[in-house]
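Structure, as structure tokens:
Residue numbers (the working numbering): 189 to 373.
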């Protein structure tokens, strides 16, 4: 029996009705608009680069719509710690499969800085990485990779029950080896 059909309206295989954002087991539309540096802002919730945020932070103080931040790999977080409560969403970029710096950034945001807002993985988000992304605190995923979209639509998310590294959420240690972690789920 064939799985559900994915209506292709762009290169990702996503239709407007499905959206690109994977959250809580389903695809949703995205209310956020990514604004390029120098581009005029609309009244919609907007995602800004770190460079633009730092340059325009004071001017954006009176803005009545939510602001989000997009961080590229290698962009520091520590200089933004006082600003983090102002962001409803932080998007961390995965530009390619083998660049995992956003995993570390997510862990730092959740554990060191106590960021409690939405944390989104954007870029090269692949099926095999999603369980690990969840462990470090990602809530939502911008999925443009067509095979990953199909796998998620069909409920094919790999499950990893034993881990060597701790997770952001509480988890009981494995019984025979306390350094080995077991998922709570």
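Where a beta carbon is used, it is the ideal one built from N, C-alpha and C, also for glycine.
- State buried or exposed for residue 299, treating a residue as buried only when at least 16 other CB atoms are found within 10 Å of its CB. When all chains shown are included, residue 299 counts as exposed.
- Query: Just curious, the beta strand (DSSP E) that residue 229 is in, first and last residue?
  - Reply: For residue 229, there is no enclosing beta strand (DSSP E), as DSSP marks it with neither H nor E.
- Query: What is the DSSP secondary structure of residue 253, reduced to helix, strand or coil?
  - Reply: Correct three-state label for residue 253: coil.
- Enclosing beta strand (DSSP E) for residue 220 [first to last residue]: Segment: none, residue 220 is in no beta strand (DSSP E) and carries neither H nor E.
- Message: Going by beta-carbon coordinates alone, are residue 308 and residue 279 separated by less than 8 Å?
- Response: Yes, the pair counts as a contact, with Cβ atoms nearer than the cut-off.
- Query: Cα separation between residue 284 and residue 305?
  - Reply: Near 25 Å, if we compare the C-alpha coordinates of residue 305 and residue 284.
- Check residue 330 in the structure and name its three-state DSSP category. Three-state DSSP puts residue 330 in a strand.
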